[in-house]
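Novice: Read in order, the letters of the sequence shown are residues 253 to 332 in our numbering. Backbone N, C-alpha and C define an ideal beta-carbon position, used for all residues, glycine too. Quick one: the structure is below, questions incoming.
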Amino acid sequence: MENENTQQPAFLFGKKNYIIMIVGIIFIALGFIFMAGGGSDNPEVFNEEIYNWQRIRLAPTLVIIGLGIEIYAILANPKK
């Protein structure tokens, strides 16, 4: 005979929070993907491509925006 007072385990966040978290993870992943690469095949040759705007401005901005989205997803009220 089972105990009638057993509770179902509840999720810490609501569905809205998890969707926002996934969006934040996508932003962070895109930022790291844009930062990747730019190396030179020959270590004796300097590759100027490592200093393009995509790696210096866009990628870190996407990572910071993604972290901000993650903070918002954690703090958002799941009841609304």
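Under 7 Å between the Cβ atoms of Met287 and Ala262?
Specialist: Numbered from its first residue, the sequence shown carries residue 287 at position 35. Numbered from its first residue, the sequence shown carries residue 262 at position 10. No, the Cβ-Cβ distance between Met287 and Ala262 is not below 7 Å.
Novice: Output needed for Glu322: all residues of its chain with C-beta closer than 7 Å, excluding positions within five of it in sequence on either side, in chain order.
Specialist: Along the sequence shown, read from residue 1 onward, the residue named residue 322 stands at position 70. Answer for Glu322: Met273 and Gly276, listed in chain order.
Novice: Drop a sphere of 10 angstroms on the beta-carbon of Gly320, count the other beta-carbons inside from all chains shown, and report buried for 16 or more, exposed for fewer.
Specialist: Taking the first residue of the sequence shown as 1, we reach residue 320 at position 68. Counting Cβ neighbours within 10 Å, Gly320 comes out exposed, since fewer than 16 surround it.
Novice: By the three-class DSSP mapping on this structure, what secondary structure does Pro312 have?
Specialist: The sequence position of residue 312 within the sequence shown is 60, counting from 1. Of the three classes helix, strand and coil, the one that applies to Pro312 here is helix, per DSSP.
Novice: Secondary structure at Phe286, three-state DSSP: helix, strand or coil?
Specialist: Taking the sequence shown and counting its residues from 1, one reaches residue 286 at position 34. Helix at Phe286.
Novice: If Val315 and Gly283 are in contact, beta carbons under 8 Å, what's the gap, nearest whole angstrom?
Specialist: Sequence index remark: in the sequence shown, residue 315 carries index 63 (1-based). Sequence index remark: in the sequence shown, residue 283 carries index 31 (1-based). Indeed they touch by this definition, with Cβ atoms about 4 Å apart.
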